[in-house]
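Participant: Numbering (our numbering), first residue to last: 7 to 590.
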Amino acid sequence: MTLKDDKELRELIRKTALLNATQHNGKAQAGALIGKIIGERQELKTKAKELSALVGEIVSEVNSISAEEQKRIVENEWPQALKKEKAEEEKHLPPLPNADKYPQVVTRFSPNPDCVLHLGSARAIILSHEYARMYRGKFLLRFEDTDPKVKRPVLEFYDSIRRDLSWIGCKPDEEYIQSDRIPLYYEYAERLLKDSNAYVCTCIPDEFRKKALSQKPCNCRNLPPTEQLERWNRMLNGGYKEGEAVVRVKTDLKHPNPAVRDWPALRIINPKKYPHPRLGSKYRVWPLYNFSTGLDDHLMGITHIIRGKEHLTNQVRQEYMYRHLCWKYPEAIHYGRLQITGAFLSKSKIVQGVREGTYRGWDDPRLATFVALRRRGITPEAIRKMIIDVGSKPQDVTLSWENLYAYNRKNLDPTSDRYFFVSEPAELKVQQVSKAFHAKLPLHPEKPARGYREYTITPKSSDNTATFWISKKDIDAAETGATVRLMELFNVKIESIKADSAEASFASESYEDARKTKARLIHWIPKGEAFPCQVVMPDATVTEGFAESACKKLKPDSVIQFERFGFVRVDENDAKLTAYYAHK
RNA sequence: GCUCCGGUAGUAUAGUCCGGUCAAGUAUAACGGCCUCUCGAGCCGUGGACCCGGGUCCGAAUCCCGGCCGGAGCACCA
Numbered sequence: 007m008t009l010k011d012d013k014e015l016r017e018l019i020r021k022t023a024l025l026n027a028t029q030h031n032g033k034a035q036a037g038a039l040i041g042k043i044i045g046e047r048q049e050l051k052t053k054a055k056e057l058s059a060l061v062g063e064i065v066s067e068v069n070s071i072s073a074e075e076q077k078r079i080v081e082n083e084w085p086q087a088l089k090k091e092k093a094e095e096e097k098h099l100p101p102l103p104n105a106d107k108y109p110q111v112v113t114r115f116s117p118n119p120d121c122v123l124h125l126g127s128a129r130a131i132i133l134s135h136e137y138a139r140m141y142r143g144k145f146l147l148r149f150e151d152t153d154p155k156v157k158r159p160v161l162e163f164y165d166s167i168r169r170d171l172s173w174i175g176c177k178p179d180e181e182y183i184q185s186d187r188i189p190l191y192y193e194y195a196e197r198l199l200k201d202s203n204a205y206v207c208t209c210i211p212d213e214f215r216k217k218a219l220s221q222k223p224c225n226c227r228n229l230p231p232t233e234q235l236e237r238w239n240r241m242l243n244g245g246y247k248e249g250e251a252v253v254r255v256k257t258d259l260k261h262p263n264p265a266v267r268d269w270p271a272l273r274i275i276n277p278k279k280y281p282h283p284r285l286g287s288k289y290r291v292w293p294l295y296n297f298s299t300g301l302d303d304h305l306m307g308i309t310h311i312i313r314g315k316e317h318l319t320n321q322v323r324q325e326y327m328y329r330h331l332c333w334k335y336p337e338a339i340h341y342g343r344l345q346i347t348g349a350f351l352s353k354s355k356i357v358q359g360v361r362e363g364t365y366r367g368w369d370d371p372r373l374a375t376f377v378a379l380r381r382r383g384i385t386p387e388a389i390r391k392m393i394i395d396v397g398s399k400p401q402d403v404t405l406s407w408e409n410l411y412a413y414n415r416k417n418l419d420p421t422s423d424r425y426f427f428v429s430e431p432a433e434l435k436v437q438q439v440s441k442a443f444h445a446k447l448p449l450h451p452e453k454p455a456r457g458y459r460e461y462t463i464t465p466k467s468s469d470n471t472a473t474f475w476i477s478k479k480d481i482d483a484a485e486t487g488a489t490v491r492l493m494e495l496f497n498v499k500i501e502s503i504k505a506d507s508a509e510a511s512f513a514s515e516s517y518e519d520a521r522k523t524k525a526r527l528i529h530w531i532p533k534g535e536a537f538p539c540q541v542v543m544p545d546a547t548v549t550e551g552f553a554e555s556a557c558k559k560l561k562p563d564s565v566i567q568f569e570r571f572g573f574v575r576v577d578e579n580d581a582k583l584t585a586y587y588a589h590k
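#1: Mind checking whether E494 and A536 have CB atoms under 9 Å apart?
#2: Quick check on the burial criterion: 16 or more other C-beta atoms within 10 angstroms. Buried or exposed for L219?
#3: With a CB to CB cut of under 6 Å and the five nearest residues on each side skipped, what residues in its chain are close to E387?
#4: Taking 8 Å as the cut-off, does the stretch 292–301 touch the stretch 261–272 (at least 3 CB pairs, one atom from each stretch)?
#5: Quick test of the definition: if touching needs 3 or more C-beta pairs under 8 Å, does the stretch 481–494 touch the stretch 510–529?
#6: Out of A128, N82, P159 and L50, which one is the CA nearest neighbour of N118?
#7: Any idea what DSSP makes of W173, helix, strand or coil?
#8: Between the stretch 300–316 and the stretch 329–337, can you find at least three pairs of beta-carbon atoms closer than 8 Å?
#9: Smallest Cα separation from K622: which of R382, T549 and F149?
#10: For R361 and K355, I'd like the C-alpha separation in whole angstroms.
#11: Can you name, in chain order, every residue of its own chain whose Cβ lies under 7 Å from the Cβ of H340, other than the five neighbours on each side?
#12: If you reduce the DSSP assignment to three classes, tell me which class G2 lands in.
#13: Which residue comes first and which comes last in the beta strand (DSSP E) that contains P448?
#14: In angstroms, rounded to a whole number, what distance separates the CA positions of W84 and K42?
#15: Just to confirm before moving on: does the CB-CB distance between Y205 and K256 stay below 9 Å?
#16: Grab me the residues of L364's own chain with a C-beta within less than 7 Å of its C-beta, minus the 5 sequence neighbours each way, in chain order.
#17: Name the one or two DSSP bridge partners that S477 has.
#18: What's the call for E94, buried or exposed, on a 16-neighbour Cβ count within 10 Å?
#19: Hey, how far is the Cα of D369 from the Cα of P562?
#20: Within the chosen definition, does the stretch 149–169 reach the stretch 258–266 through at least 3 CB pairs nearer than 8 Å?
#21: What separation, rounded to the nearest whole angstrom, lies between the Cα atoms of K90 and G32?
#22: Looking at the secondary structure, which residues open and close the beta strand (DSSP E) in which A508 lies?
#23: Considering just the uninterrupted stretch of the beta strand (DSSP E) at V396, what are its terminal residues?
#24: If you draw a straight line from the alpha carbon of A130 to that of G397, how long is it in whole angstroms?
#25: In terms of residues, what are the limits of the alpha helix (DSSP H) holding Y328?
#26: Is the stretch 407–417 touching the stretch 428–446 in the sense that three or more CB pairs, one from each, lie closer than 8 Å?
#27: With a threshold of 16 other CB atoms inside 10 Å of the CB of C332, please say whether the residue is buried or exposed.
#28: Taking just the CA atoms, how far does P544 sit from P448?
#29: Would you mind giving the Cβ-Cβ distance between L379 and I389, rounded to the nearest angstrom? I have them listed as a contact below 8 Å.
#30: Would you report the Cα separation of K77 and Y108, rounded to the nearest angstrom?
#31: For D482, does the count of other Cβ atoms within 10 angstroms reach 16, so buried, or fall short, so exposed?
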């Protein structure tokens, strides 16, 4: 039977075409239809050409019908089909490669303790931790502190990293410090030397580089193991000085990437001149990154390495060593660089800025360090969610703060109490207040159970006036003669405006009046109920003003919303309230 | 220069491996409206993208080739 005679198929095409046409201004498109039809009836794949002709025929029939008529037919014959369905799904991480080949997934985060943690490290941390959790595996912390000279570790950062990790919700299951494992690295160095898989190179670096570039071995490479071990001992006992000898792991000298050829594994650092912050002058031979990391990843049973793509060639280098030792290289995921608009995410810039005093400290609001984000009231959940959404792709990403704020707002909005903060206070004097008013302001607009702040406004008996603090911004926006509502209190009519103050008269009490006239709603603080407050903004400038007196009882670290101003985190609260601005 | 990697709306992401129900989904931002005693939240709606050029194919975001753009590595750093 040819397709042309297949009644059922013709009907399917007609239905699909009509549906398609009603969705696209009365004109169905043959290409899209063929896709849909084949999607539903895979067996037609081989007859695509024939099908294409048939679809073309039916489509021109359908397209010649008017749009109204098409719609009528569809509504009559397939009323169900017009309904749109929306599938909602929670985003999770894609599966890890070959996770089922290992008895347990083990991931690691391995920082050099030479700086505090920042958003740039968040990807390695959160993805490694999240994957470990997803597969009920283990997440290890490993301090890579084997360079006492160029990237010297600093004692305070071991602890700050532990704290930051636990704040972000990624507590490690185990912790290792590489500087405690030096004898282990020595053992493997000897083994590689003994097996002629490594050699002690005493060439001056430039000379070696020339040889390597021309794919030739240097004179040290082929010396016998006994000689290598003798040289090794000389490295250890001081027979060579810093820079005079280095252990190299043998690779392929013909490897297309010169950077891979016979890479250095251990070198000498003058222990007197460059003592290690933890161990002092105990060692003079220190492993280099590829050696210690490569060994540890295997020895600690790491199954999945998640790190930046700058490490791609390091994997190639390390794989040579793995072959020498007959080990299998773990799965490795290399993600792209992460930036956030306007912030420096490089350790060197952060360290330099703090040291030079450009920033006030590691938690300066201009920085994207964890401590700075924490101080501003950015929640760990928001950061985690954002990083998980970004995932582990090899593309570079530039995040915008707005994005982070949106995640954070979702966390903060339901839990933050509301208060009034008057920035750059200006005086508002209201006349003709004939009686005392009682204002009851909810702490949260959607959750009355959270309670209220209450203020009684009693006019001065001599002239029936009441005086408030309001923001200069609201004074600037006010117009003489206009009505303004003091939120949850009463409406006033603006009589006169000066630079730093305004006068008004009582207009009415009901909220309905304000709605009818579309009066602006502004926040206020009764004179006498003002509590000095400063808000440190994200650019480190300070906005001075008054918080309402109910804020006196706020505890440091709580995050609140100053209405019509933004979310802030209470930083200090004694004679004066100091808050850090998070975002609108 | 050499060696690698990557390019989907302003931003981020889904889809790419294995071509078809993708005239491209989602979030956020923008815009408009509704709701709300906050400029917050919520709800509804609108606009917005497959880097470019060829090729294969009935059919390409997806496969192939070329180009362009971006990034990383090329340390006795991690």
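Positions of the beta carbon are idealized from the N, C-alpha and C atoms, including for glycine.
Facilitator: On the basis of the supplied data:
#1: no
#2: exposed
#3: N417
#4: yes
#5: yes
#6: P159
#7: helix
#8: yes
#9: The shown model of the chain, from 7 to 590, leaves out residue 622, and the question about it has no answer.
#10: 10 Å
#11: R313, G314, K315, H317, L318 and P400
#12: Because residue 2 is not part of the residues shown, which for the chain are 7 to 590, the question remains open.
#13: F443 to P448
#14: 17 Å
#15: yes
#16: According to the sequence displayed, residue 364 carries Thr and not Leu. Closer than 7 Å at Cβ, skipping near neighbours: no residue.
#17: P431
#18: For E94, the predicted model reports a pLDDT of 46, less than 50, meaning its position is unreliable; a value from the coordinates is still stated below. When all chains shown are included, E94 counts as exposed.
#19: 16 Å
#20: no
#21: Low confidence applies here, because K90 scores a pLDDT of 49, under 50, leaving its location unreliable; read the following figure in that light. If you take the alpha carbons of K90 and G32, they lie about 18 Å apart.
#22: S507 to S514
#23: Here V396 belongs to no beta strand (DSSP E); instead the alpha helix (DSSP H) covers P386 to V396.
#24: 10 Å
#25: L318 to H330
#26: no
#27: exposed
#28: 28 Å
#29: 7 Å
#30: 56 Å
#31: exposed
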